[in-house]
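In our numbering, the protein residues as written are 172 to 418.
Beta carbons: idealized from backbone N, C-alpha and C, even for Gly.
Input: a single structure, listed below in structure tokens.
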């Protein structure tokens, strides 16, 4: 367990140390998945101790970091996401590398939508949720939900496990990078997104089970309401919420 002085150092580094570092450079006119591990040309930022860039640990991982762009439930880039890259604790990233190794013989790859999430991004979600008039993305992301009920349903919260660095949102893709059919997209705020949801085809249910078994075999646990959301069983920082930017 980290001592008080190291917690303070991490917090100060997260809040201030990254501010003066150079900006990441992203190739223009690319889709989210093309801005993945092989396409993002970034000058790496110094990260707090214990954190790594996922693409450095998981060869061939695909990235579609929705919160760095406008294809998300808010409809705009989210505070703290300055580049379409994925950051995790080293422990979580190395476990995810084992998942990727396990799936590779089946011709499958991991496609990551979100990993570490700054606390300032969570605050952005909170402000959005409290703006009842902003429903521009409702049809795509919460078509059957009253926006005022998103807190109650557990889709939006004041704190996120992502900010602790050991939670990842992901799916499976084929060898060419095409996502498998999971019966509902990432961040779809609907009962169909839950594990064990009714109305899935046999193929969709099988794809969800395949992802879940692969993740649980390497020490991740599923979140019942979201088929894409997994957290390490033994988190490195179980009680600390970071706020350094994704850049």
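*Taking only the alpha-carbon atoms, compute the straight-line gap between residue 398 and residue 271 and give it to the nearest angstrom.*
Within the chain shown, residue 398 is the residue found at index 227, counting from 1. Within the chain shown, residue 271 is the residue found at index 100, counting from 1. About 18 Å.
*Alpha carbon to alpha carbon, how far is residue 395 from residue 366? Give it in angstroms, no decimals.*
The sequence position of residue 366 within the chain shown is 195, counting from 1. The sequence position of residue 395 within the chain shown is 224, counting from 1. When rounded, the distance between both Cα atoms is 6 Å.
*Beta-bridge pairing of residue 400 - partner residues as DSSP gives them*: Here residue 400 refers to the residue found at position 229 when the chain shown is read from its first residue. Residue 400 is bridged to 340.
*asked:* Which same chain residues end up closer than 6 Å to residue 264 when comparing Cβ atoms and leaving out the 5 residues on each side of it in sequence?
replied: As a first step, residue 264 must be located in the chain shown, where it is residue number 93. For residue 264, where only same-chain residues beyond five positions count, the Cβ hits under 6 Å are 223, 225 and 228.
*Nearest-angstrom Cα distance between residue 332 and residue 357?*
Translated into the one-based positions of the chain shown, residue 332 becomes position 161. Translated into the one-based positions of the chain shown, residue 357 becomes position 186. When rounded, the distance between both Cα atoms is 17 Å.
*Among 372, 392 and 350, nearest to residue 339 - alpha-carbon criterion*: Here the question's residue 339 lines up with position 168 in the chain shown. Out of 372, 392 and 350, 392 has the C-alpha closest to the C-alpha of residue 339.
*Please determine, among 295, 289 and 372, the residue with the shortest C-alpha to C-alpha distance to residue 337.*
The residue labelled residue 337 in the question sits at position 166 within the chain shown. Checking every option, the nearest Cα to that of residue 337 belongs to 289.
*asked:* Can you tell me where the alpha helix (DSSP H) holding residue 296 begins and where it ends?
replied: Position 125 of the chain shown holds residue 296. Segment 290-300, the alpha helix (DSSP H) holding residue 296.
*Determine, using beta carbons only, whether residue 267 and residue 281 come nearer to each other than 8 Å.*
Here the question's residue 267 lines up with position 96 in the chain shown. Here the question's residue 281 lines up with position 110 in the chain shown. Contact: yes.
*In the DSSP assignment, find the beta strand (DSSP E) that holds residue 347 and state where it starts and stops.*
To locate residue 347, count along the chain shown from 1; it is residue 176. It is not in any beta strand (DSSP E) - residue 347 carries neither H nor E in the DSSP assignment.
*According to DSSP, is residue 285 helix, strand or coil?*
As a first step, residue 285 must be located in the chain shown, where it is residue number 114. Correct three-state label for residue 285: strand.
*Please report the residue range of the alpha helix (DSSP H) in which residue 247 lies.*
Position 76 of the chain shown, counting from 1, holds the residue named residue 247. Per DSSP, residue 247 belongs to no alpha helix (DSSP H) and is neither H nor E.
*asked:* Quick check: the Cα distance between residue 325 and residue 361, rounded to an integer number of angstroms?
replied: Along the chain shown, read from residue 1 onward, the residue named residue 325 stands at position 154. Along the chain shown, read from residue 1 onward, the residue named residue 361 stands at position 190. Rounded to the nearest whole angstrom, the C-alpha separation of residue 325 and residue 361 is 11 Å.
*Identify, in the order they occur along the chain, each residue of the same chain with its Cβ nearer than 8 Å to the Cβ of residue 248, setting aside the five sequence neighbours on each side.*
As a position in the chain shown, residue 248 is number 77, starting the count at 1. Spatial neighbours of residue 248 in its own chain (CB-CB distance under 8 Å, excluding positions within 5 residues in sequence) are listed in chain order as 238, 239, 240 and 241.
*asked:* Using 8 Å as the threshold, is the C-beta distance between residue 412 and residue 334 below it?
replied: In the chain shown, the residue the question calls residue 412 occupies position 241. In the chain shown, the residue the question calls residue 334 occupies position 163. In contact: residue 412 and residue 334 (Cβ atoms closer than 8 Å).
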